[in-house]
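Presented below is the structure to which this report refers.
Number of protein chains: 2
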Amino acid sequence: MNLLTRNTDYAVRAILYMAQHDGALISTADLDRDLKLPRPFMRKTLQVLQKQGYLTSVKGYKGGFQLQRKPSQIHLIELMRIFQGEISLGDCLFKKKICHCVATCPLRREVKSMEEDLLRKLKKITIADLMKERA
Amino acid sequence: MNLLTRNTDYAVRAILYMAQHDGALISTADLDRDLKLPRPFMRKTLQVLQKQGYLTSVKGYKGGFQLQRKPSQIHLIELMRIFQGEISLGDCLFKKKICHCVATCPLRREVKSMEEDLLRKLKKITIADLMKERA
DNA sequence: GACAAATGATACCGCGGTGGTATCATTTCT
DNA sequence: AGAAATGATACCACCGCGGTATCATTTGTC
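Listed in order, the protein sequences are those of chains A and B. Residue 1431 in this note's numbering sits at position 10 of the first sequence, with consecutive numbering throughout. Residue 1551 in this note's numbering sits at position 130 of the second sequence, with consecutive numbering throughout.
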């Protein structure tokens, strides 16, 4: 099981990298070189972050992306929501129509409780926290 | 995201049903009728539980399955391990070879911590707990 | 102005896991 | 004999994830 998809993982790494370079203009070529992440996929990821307002982009020669928000104001869970949708541990329990459980899911309560715990923790984590850790 | 697969979910429901019927002999037809779960899939699930020692089976006319363990001794996490493998929130971080993170995964520590929390909770849940809840 | 290097936008695709179904063999009660 | 059950196994469809490919556009450098 994966709490994070690669999209989210790459987004975190890219933003972390940019933050550590003091918000300089960074191209996917830079990220490819230093982080060894698949370039075309990275591009797509960064374009999403740009549309979501985390980055600005500069086209053309010497172009790239630039971080627009303070690391302390970028929460992991927001990135997860962008790339993975609303975080839930019990999709089948509530969303999908296949399930006939309705109100009879034996584990409804337990799963919900664990989900809340998880969300509580996720909401606390920011890019700034990750920078501190690696210092 | 799903913490539990349908396999696990169905196993829990079936065992719960059997426990509530005081360990009587139950056929997939019974489960189909009362729980409205897809019969052939259910069969496969029950066969696994039988091989794992949770159930015994009786073949032939009026045959079926019978619960072999006390509800308080059946832990949810064991069922999850049977049908889903070892529970982890960071498969990509450790198992898969694609990841070049090695020791550089920015979120390694956080994910691991949340995983431990989750496991701690999961280990406490037994079928007996679920029976109490619905009483 | 030509070219290279970058992003914008979009379409496409392969793989594996999940959630099943189908089939045939065997056992057992009526 | 036949129906009803499990045992064992093979097969399959869908979908999300992770990724590639392509073409258009912008922009600095020579």
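Think of the CB as a built atom: it goes at the ideal place given N, C-alpha and C, for glycine as much as any other residue.
At least one CB of chain B lies nearer than 7 Å to the CB of A/K1542.
Taken in chain order, the members of the stretch 1430-1458 of chain B whose beta-carbon sits within less than 9 Å of a beta-carbon on chain A are D1430, V1433, R1434, L1437, L1456, K1457, L1458. Nearest in C-alpha terms to A/S1493, of all of A/K1545, A/R1460, A/K1472, is A/K1545.
Fully enclosed beta strand (DSSP E) runs of no fewer than 3 residues occupy 1476-1479, 1485-1488 of the stretch 1435-1515 of chain B, in order along the chain. In the DSSP assignment, no residue is bridged to B/N1428. Identification of chain A residues near B/M1535 by a Cβ-Cβ cut-off of 8 Å yields L1424, L1539, K1542, L1543, ordered along the chain. Contact between the stretch 1429-1436 of chain A and the stretch 1487-1506 of chain A is established, with three or more Cβ pairs separated by less than 8 Å. Neighbours of A/P1492 in chain B, taken as residues whose beta carbon is under 8 Å from its own, are absent, since the nearest beta carbon is some 12 Å off. Chain A places a beta carbon closer than 7 Å to that of B/P1527, counting this residue as a contact. Counting along the chain, A/M1535 sits inside the alpha helix (DSSP H) bounded by residues 1529-1545.
Straight-line spacing of the CA atoms in B/K1457 and B/K1491 works out to 25 Å. Closer than 8 Å at the C-beta level to chain B, one finds these residues of the stretch 1499-1514 of chain A: Q1505, I1508, S1509, L1510, G1511, D1512, C1513.
With a beta-carbon spacing of about 10 Å, A/L1528 and A/L1510 fall beyond the 8 Å limit used to define contacts. At a Cβ-Cβ threshold of 7 Å, B/K1553 and A/M1535 do not count as neighbours. Put simply, the backbone Cα of A/L1425 is about 49 Å away from that of B/Y1482. Counting other Cβ atoms within 10 Å of its Cβ, B/F1462 stays below 16 and is therefore classed as exposed. In this structure, B/A1445 is the residue among B/A1445, B/V1479, B/D1451, B/D1453 with its C-alpha nearest to the C-alpha of B/L1488.
Listed along the chain, the chain B residues whose CB falls inside 7 Å of the CB of A/R1530 are E1554.
For the stretch 1460-1492 of chain B, the set of residues with a beta-carbon nearer than 7 Å to any beta-carbon of chain A is empty.
Of the candidates A/A1450, A/V1469, A/C1526, A/L1476, A/L1476 places its Cα closest to the Cα of A/A1440. Residue nearest to B/T1547 within the set B/E1537, B/D1512, B/I1498 is B/I1498 (criterion: CA-CA distance).
Put simply, the backbone Cα of B/L1467 is about 26 Å away from that of A/K1533. Between B/G1484 and B/S1448 the beta-carbon gap is near 7 Å, inside 8 Å, which marks them as a contact. Relative to B/R1454, the option among B/Y1438, B/V1479, B/V1469 whose CA is nearest is B/Y1438.
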